[in-house]
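Student: First, the structure itself, so that you have it in front of you.
Number of protein chains: 2
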Amino acid sequence: MMTAVEVITAKRDGKTLSSAQINWVIDAYTRDAVADEQMSALAMAVLLNGMTGTETADWTRAMIASGQCLDLSGIDRPTVDKHSTGGVGDKITLPLVPLVAACGAAVPQLSGRGLGHTGGTLDKLESIPGWRARLTPEEIRRQLVSVGAVICAPTDGLVPADRKLYALRDVTGTVESVPLIASSIMSKKIAEGASALVLDVKFGSGAFMTDLGRATELARMMIDIGRANGLATRALLTDMSVPLGAAVGNALEVAESRAVLRGEGPPDVVALTVALAETMLASVGIDDVRPAEVLASGAAYETWCAMISAQGGRPEDRLPEAKYIWSLEASQDGHLFELDARAVGLAAWRLGAGRARKEHPVDPAAGVLCLAKPGDRVVAGQPLLEFHTNDQTLIASAVEAVMDKVTVSPIPPAPTPLIRERLS
Amino acid sequence: MMTAVEVITAKRDGKTLSSAQINWVIDAYTRDAVADEQMSALAMAVLLNGMTGTETADWTRAMIASGQCLDLSGIDRPTVDKHSTGGVGDKITLPLVPLVAACGAAVPQLSGRGLGHTGGTLDKLESIPGWRARLTPEEIRRQLVSVGAVICAPTDGLVPADRKLYALRDVTGTVESVPLIASSIMSKKIAEGASALVLDVKFGSGAFMTDLGRATELARMMIDIGRANGLATRALLTDMSVPLGAAVGNALEVAESRAVLRGEGPPDVVALTVALAETMLASVGIDDVRPAEVLASGAAYETWCAMISAQGGRPEDRLPEAKYIWSLEASQDGHLFELDARAVGLAAWRLGAGRARKEHPVDPAAGVLCLAKPGDRVVAGQPLLEFHTNDQTLIASAVEAVMDKVTVSPIPPAPTPLIRERLS
Chain C
29 MMTAVEVITA
39 KRDGKTLSSA
49 QINWVIDAYT
59 RDAVADEQMS
69 ALAMAVLLNG
79 MTGTETADWT
89 RAMIASGQCL
99 DLSGIDRPTV
109 DKHSTGGVGD
119 KITLPLVPLV
129 AACGAAVPQL
139 SGRGLGHTGG
149 TLDKLESIPG
159 WRARLTPEEI
169 RRQLVSVGAV
179 ICAPTDGLVP
189 ADRKLYALRD
199 VTGTVESVPL
209 IASSIMSKKI
219 AEGASALVLD
229 VKFGSGAFMT
239 DLGRATELAR
249 MMIDIGRANG
259 LATRALLTDM
269 SVPLGAAVGN
279 ALEVAESRAV
289 LRGEGPPDVV
299 ALTVALAETM
309 LASVGIDDVR
319 PAEVLASGAA
329 YETWCAMISA
339 QGGRPEDRLP
349 EAKYIWSLEA
359 SQDGHLFELD
369 ARAVGLAAWR
379 LGAGRARKEH
389 PVDPAAGVLC
399 LAKPGDRVVA
409 GQPLLEFHTN
419 DQTLIASAVE
429 AVMDKVTVSP
439 IPPAPTPLIR
449 ERLS
Chain L
29 MMTAVEVITA
39 KRDGKTLSSA
49 QINWVIDAYT
59 RDAVADEQMS
69 ALAMAVLLNG
79 MTGTETADWT
89 RAMIASGQCL
99 DLSGIDRPTV
109 DKHSTGGVGD
119 KITLPLVPLV
129 AACGAAVPQL
139 SGRGLGHTGG
149 TLDKLESIPG
159 WRARLTPEEI
169 RRQLVSVGAV
179 ICAPTDGLVP
189 ADRKLYALRD
199 VTGTVESVPL
209 IASSIMSKKI
219 AEGASALVLD
229 VKFGSGAFMT
239 DLGRATELAR
249 MMIDIGRANG
259 LATRALLTDM
269 SVPLGAAVGN
279 ALEVAESRAV
289 LRGEGPPDVV
299 ALTVALAETM
309 LASVGIDDVR
319 PAEVLASGAA
329 YETWCAMISA
339 QGGRPEDRLP
349 EAKYIWSLEA
359 SQDGHLFELD
369 ARAVGLAAWR
379 LGAGRARKEH
389 PVDPAAGVLC
399 LAKPGDRVVA
409 GQPLLEFHTN
419 DQTLIASAVE
429 AVMDKVTVSP
439 IPPAPTPLIR
449 ERLS
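Residue numbers (the numbering used here), protein chains in the order written: chain C, 29 to 452; chain L, 29 to 452.
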C-alpha cells in the first residue's frame with residue numbers, strides 16, 4: 029500500500045521515484061484518490077528537485093496508461109506528426125499539416141488552445157466560419173484515410189491524467205519544469221499513435237523557454253522519451269526572438285497561412301514550413317517529393333481546403349475583420365533593429381487575440397500585423413505595426429506593451445539564423 | 029492585485045516574499061480565495077527554498093491576524109506558557125501547568141492532539157472520566173482567575189489559518205519545514221496572550237527533529253519570532269532518544285503525572301518538570317518560590333485536582349485499565365543499553381494509544397510501561413517493557429516495533445544529560 033505522502037516526501041528529499049511509485053501516483057490522481065493539493069506539492073518537488081530520464085519516461089508511460097490511445101490501423105500511408113513548443117506568430121502547423129499530407133504522409137495533429145502571449149492552433153482555425161475542433165476517434169481515422177490531414181482537439185479519452193495535471197500546474201506555479209513539460213507533450217504525441225514525430229523547440233523572448241540551453245535540454249529529453257517508447261523523434265531548435273511572419277492573431281494568421289499554401293507568404297514562414305515538412309517526410313522514409321514544389325503546385329492548398337471542409341469549415345469564406353486598425357509608425361529613419369516577439373505577442377493578447385483564463389473566449393479578428401522585420405530599412409512616419417481590434421479602448425495598453433521593444437536604429441542588427449540546430 | 033501564482037513562483041524561484049505578499053496569501057487562503065492546491069505548492073516551495081527570519085516573522089503575524097487573540101485582561105497574576113515540540117512519554121505539561129500555577133503564575137495552555145508516534149496532551153487528559161477539552165474564551169479567563177491553570181483545546185477563533193494549513197501540510201508532505209513549524213507554534217502561542225513562553229525543544233530518535241542542529245535552528249527561530257512580537261521566549265534543548273519516565277500511553281501517563289504531583293514519579297520526569305517550572309517562573313520575575321518544594325508540599329496536586337474538576341473531570345476516579353498486559357523480558361544478564369524512544373512510541377501507537385488519521389479515536393488504556401531505563405542492571409527473564417492493550421492481536425506488531433531497539437549489553441551506555449542547552 030503506497031500513500032501520496034510517501035511519494036511526495038521521497039521526491040522532496042531528492043530521491044529517485046520508482047516505476048511503481050510513479051504508476052501508482054498518476055493512476056490514483058486520475059481516479060481522484062490522490063488529491064489536487066497532493067499532486068501540486070509533488071509537482072513543486074519535481075520542479076525544484078528534477079527527475080531523471082528514467083523517471084521522466086516512466087511518468088510519460090503512466091500518463092499514457094491513464095487513457096486510450098488513438099487507433100490508426102487501416103491507414104496505409106506512413107503517419108507522422110509535429111509539435112511546436114509555441115511562439116508568437118507561430119502558425120506553421122496550419123500550412124505544414126496539409127503540405128505533408130499532399131506529399132504522401134498522413135498527419136494526425138491533435139492541438140491545443142492558447143494561454144498567455146502565445147496563440148493556440150485551435151483558436152486560429154476557429155476563426156474560419158463553420159470549422160469545428162472536436163472530432164471522434166472514428167472521424168479522425170476516416171479523415172486521415174480520405175484527406176490525410178487532421179487538425180483537431182484531443183479526444184476525451186486521450187491522456188486524461190495530462191488534462192488534469194496541466195490545469196493544476198497552470199494555477200500552482202508548476203508549469204516551468206522541463207520533465208513535466210516533456211512528459212506532457214510526449215504522452216499526448218505517443219498516444220496519438222503516429223510512427224514519427226518532429227519537434228519544433230523554440231527559444232528566445234517569445235518562446236516558453238527563452239534560453240537556448242534549456243530549450244536544448246527539453247528537446248533532448250523529449251527525443252529520449254520518444255525513443256524509449258518506440259516513437260522516432262527528431263527536433264529543430266528555432267529562433268523565437270522575433271515573431272514568425274507578419275501576422276500575430278487568429279484570423280490574421282489563418283490568412284497568412286493561406287498565402288503560404290498558395291505559394292506566397294513571408295519567407296521565414298515558408299522556409300520553416302518547408303524545413304519541417306522535409307524533416308517529417310525524411311523521418312518516415314519519403315524522400316522523392318520536394319515540399320517547396322508541392323506548395324508551388326497548389327496541391328497543398330487543395331489538401332487544406334479538403335481538410336477544412338471535412339470539419340465543417342468554409343475555406344473560401346471571408347475571415348472576421350477588426351473594426352479598428354491603428355498603425356504604430358517609425359519615429360526616425362534607419363533600420364528596424366528590434367521587434368521583440370514577446371512584446372508583440374503581449375500586444376496582440378491585449379488587443380483581444382489571447383485569453384487570460386482558459387474559459388475566456390478570444391476575439392478572432394484581433395491581433396498585430398508586423399509590416400517590417402528586423403534589418404528592413406524604414407523611414408520616419410512609415411507604419412511598423414498594425415494593431416487590429418474590435419475594442420478601441422484596448423489600443424493604449426497594446427502600445428504600452430511594445431514601448432522600447434520595437435526600435436529603429438542607424439545600423440541594422442546582426443542577422444540570426446532561424447534554424448539554430450537539428451537534433452535526432 | 030496579487031495572484032497566488034505570482035507568490036508561488038517568487039518563492040519557487042528563490043526570492044524573498046514581501047510582507048504584503050505574505051499577508052495577502054495567508055488572508056486569501058483563510059477566506060478560501062487561494063485554493064488548497066496553491067497553498068500546498070507554496071508550502072513545498074517554502075520547505076525546499078526556506079524563508080528568512082523576516083519572512084517567518086511576517087508569516088507568523090499574518091497567521092495571528094487571521095483570527096482573534098485570547099483576552100487575558102483582568103488576570104492579576106503574571107501569565108506564562110510552555111510548549112514542547114513533542115516526544116515519547118512527554119507528559120510534562122500535565123504536572124507542569126498546575127505546578128507553575130501553584131507557584132503563583134497563571135498558565136493558559138492551549139494544547140493539541142497526537143498524530144503519529146508522539147501522544148497529544150488532550151488525548152491523555154481525556155482518559156480522566158468526565159474531563160472536557162473544549163472551553164470558551166470566557167471559561168478560560170475565569171478558570172485562570174480562579175485556579176490559575178487551564179489545559180484545553182484551542183478556541184475556534186484562534187489562528188484559523190494555522191488550523192487549515194496544518195491539516196493541509198499533514199497530507200502533502202510539507203510538515204518538515206523549520207519556518208513553517210516555528211510559525212505554526214508561535215502564532216498560536218502569541219495569540220494566547222501570555223507574557224512569557226518557555227519552549228522544550230526536543231532532539232533524538234523520539235523527537236520530531238532527530239538532529240540537535242536542526243532542533244537548535246528551530247529553537248532560535250522561535251525565540252526570534254517571540255522577540256519580534258513582544259513575547260519573552262526562552263528554550264531548553266532536551267534529549268528525546270529515550271522515553272521520558274516509564275509510561276507511554278494516555279491513562280498510563282496521567283497516572284505517572286499524578287505520582288509526580290504527589291512528590292513521587294520517575295526522576296527524569298520530576299527533573300524536567302522542575303527545570304521547566306523554574307525557567308517559566310524566572311521569565312515572569314517570580315524568584316522566591318522553589319518548585320521542588322511546592323511539589324513536595326502537595327500544593328501542586330491540589331491545583332491539579334482543582335484544574336481537572338473545573339473542566340468536569342473527576343480527578344480521583346479510577347483511570348481506564350487495559351484488558352491485556354504482556355511483558356517483554358530480558359534475554360540475558362547485563363545492562364539495559366538501548367531503549368529507543370521512537371520504537372517504544374511506535375509500539376504504544378500500535379497497541380492503540382495513537383491514531384493513524386486525525387478522525388480516529390485513541391484507546392485511553394493502551395500503551396507501554398518501561399520497567400527499566402538505560403544503564404539499569406537487568407537479569408535474564410526480568411520484564412523490561414509491559415505492553416498494555418484491549419486488543420490482544422495488536423501485541424505481535426508492537427513487539428516487532430521494538431525488535432533490536434531495546435537491547436541488553438554487558439557494558440552500560442555512556443550517560444547523557446537530559447537538558448543539553450538553554451537558549452534565550
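Glycine included, every Cβ here is placed at the ideal spot set by N, Cα and C. All values derive from a computational prediction rather than experimental measurement.
Considering only C-alpha positions, which residue in the set 171/L, 60/L and 74/L is nearest to residue 105/L?
Tutor: With distances taken between Cα atoms, residue 105/L lies closest to 171/L.
Student: For residue 28/L, would you say it is in contact with chain C, using Cβ-to-Cβ distances shorter than 9 Å as the test?
Tutor: This structure does not reach residue 28/L, given that chain L is present from 29 up to 452, and the question cannot be answered.
Student: By the 7 Å beta-carbon criterion, what residues does the region 34-45 of chain L contribute toward chain C?
Tutor: Going along the region 34-45 of chain L in chain order, one finds 36, 37 and 40 with a Cβ nearer than 7 Å to chain C.
Student: Closer than 7 Å by C-beta to residue 360/L: which residues in its own chain qualify, once you throw out the five before and the five after it? Chain order, please.
Tutor: Around residue 360/L: 408 and 436.
Student: Which partner residues does residue 364/L have in the DSSP bridge list?
Tutor: Answer is 436/L, bridged to residue 364/L.
Student: Answer yes if the region 183-192 of chain C comes into contact with the region 158-173 of chain C, meaning at least three C-beta pairs across the two stretches below 8 Å, and no otherwise.
Tutor: Cβ pair count under 8 Å is three or more, so yes.
Student: What are the boundary residues of the beta strand (DSSP E) that includes residue 395/C?
Tutor: 395-398 is the span of the beta strand (DSSP E), which, as asked, contains residue 395/C.
Student: Taking the alpha carbon of residue 232/C as the point to measure from, which residue in 31/C, 322/C and 243/C has its own alpha carbon closest?
Tutor: Comparing Cα positions, the closest option is 243/C.
Student: What do you get for residue 306/C, buried or exposed, if any count of 16 or more other CB atoms within 10 angstroms of its CB means buried?
Tutor: The residue in question, residue 306/C, is buried, as its Cβ has 16 or more Cβ neighbours within 10 Å.
Student: Return the residue from the list 382/C, 431/C, 304/C and 94/C that minimises the CA-CA distance to residue 447/C.
Tutor: It is 304/C.
Student: Who are the neighbours of residue 127/L on chain C, taking C-beta pairs under 8 Å?
Tutor: Chain C residues near residue 127/L: none, gap ~38 Å exceeds 8 Å.
Student: If you measure beta-carbon to beta-carbon, which residues of the region 186-197 of chain C are closer than 7 Å to chain L?
Tutor: Flagged, chain order: 196.
Student: According to DSSP, simplified to helix, strand and coil, what is residue 112/L?
Tutor: Three-state DSSP puts residue 112/L in a strand.
Student: Within 10 angstroms of its Cβ, does residue 197/C collect 16 or more other Cβ (buried), or is it exposed?
Tutor: Label assigned to residue 197/C: buried.
Student: Is it the case that the Cβ atoms of residue 123/L and residue 297/L are separated by a distance below 9 Å?
Tutor: A contact, by the Cβ cut-off of 9 Å.
Student: Quick one: what's residue 355/L bridged to in DSSP?
Tutor: DSSP lists 414/L as partners of residue 355/L.
Student: Checking 9 Å against the spacing of the C-beta atoms, do residue 331/L and residue 129/L come in under that value?
Tutor: A contact, by the Cβ cut-off of 9 Å.
Student: With DSSP run on the structure shown, which of helix, strand or coil describes residue 230/C?
Tutor: Here residue 230/C sits in strand by DSSP.
Student: Can you check which of these residues, 36/L, 434/L and 72/L, is closest to residue 271/L by C-alpha distance?
Tutor: Nearest option by C-alpha distance: 434/L.
Student: Is there a Cβ from chain L that is less than 9 Å from the Cβ of residue 108/C?
Tutor: Cβ-Cβ to chain L under 9 Å: no for residue 108/C.
Student: So residue 218/C packs on residue 92/C, CB below 8 Å; how close in whole Å?
Tutor: That pair is a contact at about 6 Å.
Student: How big is the Cα-Cα spacing for residue 158/C and residue 79/L?
Tutor: Between residue 158/C and residue 79/L, the C-alpha separation is close to 54 Å.
Student: Any C-beta of chain L sitting closer than 9 Å to the C-beta of residue 71/C?
Tutor: It does: the Cβ of residue 71/C has a partner Cβ on chain L nearer than 9 Å.
Student: Kindly list the residues whose CB is nearer than 7 Å to the CB of residue 317/C, restricted to its own chain and excluding five residues on each side of it in sequence; keep chain order.
Tutor: If we look at residue 317/C and ignore the five residues flanking it on each side, its Cβ neighbours are 131, 132 and 309.
Student: Just to confirm my understanding: we take residue 443/L, look at its own chain, exclude 5 residues before and 5 after, and list those with CB closer than 7 Å. What are they?
Tutor: Correct list, in chain order: 403.
Student: What residues in its chain sit with their C-beta under 6 Å from that of residue 285/C, if we drop five residues either side in the sequence?
Tutor: Contacts found: 119, 122 and 123.
Student: Under 9 Å, Cβ to Cβ, is there at least one residue of chain L near residue 317/C?
Tutor: Answer no: the Cβ-Cβ gap between residue 317/C and chain L never drops below 9 Å.
Student: Measuring only the C-alpha atoms, how far is residue 430/L from residue 101/C?
Tutor: Roughly 60 Å between the two C-alpha positions.
Student: When DSSP labels each residue in this structure, what does residue 137/L get in the three-state scheme?
Tutor: Strand, per DSSP.
Student: Is the distance from the Cβ of residue 149/C to the Cβ of residue 137/C below 9 Å?
Tutor: Yes, they are a contact pair.
Student: Sorted by chain position, which residues of the same chain lie with C-beta nearer than 8 Å to residue 194/L's C-beta, five sequence neighbours on each side aside?
Tutor: These residues qualify, in order along the chain: 212.
Student: Within 10 angstroms of its Cβ, does residue 421/C collect 16 or more other Cβ (buried), or is it exposed?
Tutor: It counts as exposed.
Student: As a quick exercise: from 416/L, 395/L and 411/L, pick the residue whose alpha carbon is nearest that of residue 401/L.
Tutor: Of 416/L, 395/L and 411/L, the residue nearest in Cα terms is 411/L.
Student: Going by the beta-carbon positions, is the gap between residue 156/L and residue 345/L smaller than 9 Å?
Tutor: For residue 156/L and residue 345/L, yes; Cβs fall inside 9 Å.
Student: Tell me where the alpha helix (DSSP H) around residue 71/L begins and ends.
Tutor: Where residue 71/L is concerned, the enclosing alpha helix (DSSP H) stretches over 64-77.
Student: So which residues of chain L does residue 183/C contact, with C-beta pairs closer than 7 Å?
Tutor: Near residue 183/C there are no residues of chain L at all, since even the closest Cβ is about 26 Å away, more than 7 Å.
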